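Colleague:
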Amino acid sequence: MSHVASHSTRTTLPRIAVVGCGAAATEFCFPALVQYPGFRHSVVAVDKNDSQAQAVATQFGLENHCTDIQRLPFAVDAAIVMTPHHLHAEQSIHFLRRSVPVFVEKPLGMSADEVTRMVDVAESNATTLMVNNCRRLFPAYRRVQELLQSGELGAIQKITISDGSPFDWNSVSGFYLR
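Heads up, the numbering used here is the position in the sequence shown plus 48, with the first residue counted as 1.
1. Out of curiosity, what's the CA-to-CA distance linking V92 and R63?
2. So what's V82 in DSSP terms, helix, strand or just coil?
3. From this set, S147, I209, A127 and I128, which residue's C-alpha is nearest V4's C-alpha?
4. Grouping DSSP H, G and I as helix and E and B as strand, with all else coil, what is M178?
5. From the DSSP output, in three-state form, read off T60 for me.
6. For P155, which option in H89, P132, E75 and S172 has the closest C-alpha, if you only look at C-alpha atoms?
7. Take E162 and list the residues in its own chain whose beta-carbon comes closer than 7 Å to its own, dropping the five residues that flank it on each side.
8. Is the beta carbon of N112 less than 8 Å from the beta carbon of A105?
9. Does the separation of the CB atoms of I117 and V167 fall below 8 Å?
10. Do the stretch 199-207 and the stretch 167-184 meet, that is, are 3 or more Cβ pairs less than 8 Å apart?
11. Among the candidates E75, F108 and G70, whose CA atom is the shortest distance from the CA of G86?
12. Where do the ends of the alpha helix (DSSP H) carrying E194 lie?
13. What does DSSP give as the partner residue(s) for A123 in the beta ladder?
14. Would you identify the three-state DSSP class for E111, choosing helix, strand or coil?
15. By DSSP, does A203 sit in helix, in strand, or in coil?
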């Protein structure tokens, strides 16, 4: 079931399909997107579970949600793929074949063959395919990069990194537990 609202308010924001409405989307993606005025008109929440897509659309004030990337309520300028890992290649290739840039959660694919196919389709359509190596965007990591690039720390002899906490991922679909 798809929900298509009228678009009485036009936006200049790119139209984005967020595919997968689980924990990664609700904890990180949608909270980042809501910072942009007009967001609710330009983003569609896509999840095979209609009640999950609808709940996320309601939670973040979206006008549109649907259950199938083949039945989006409008043409999109970009796709963010945040589904269980085994779906990344198929869903990304769907958009790449239509020359829609794709930002996909890690891992990019489940095998070297899948990743090669994804890259080949992206290249043949001159379209961006980007994997979310999320830690590089964390403020602490960016600060370390700035310090290293500036030379402020001098000659680096050794780097030891301790990073982590108990694993506590709130998987909506449960695919981590299968």
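Cβ coordinates follow ideal geometry from the N, Cα and C atoms, glycine included. Computed from a predicted model, the values in this text were never measured in an experiment.
Modeller: By the coordinates alone:
1. 8 Å
2. If DSSP states are grouped into helix, strand and coil, V82 belongs with coil.
3. An answer regarding residue 4 cannot be provided, because it is not within the stretch 49 to 226 covered by the chain.
4. Assignment of M178 by DSSP, reduced to helix, strand and coil, places it in the strand class.
5. Coil, per DSSP.
6. P132
7. Only residues of its own chain outside the window of five on either side were considered, and among them A137 have a CB closer than 7 Å to the CB of E162, listed in chain order.
8. yes
9. Contact: no.
10. no
11. F108
12. P187 to S198
13. None, per the DSSP bridge assignment.
14. E111 sits in coil when the DSSP states are folded into three classes, being neither helix nor strand.
15. coil
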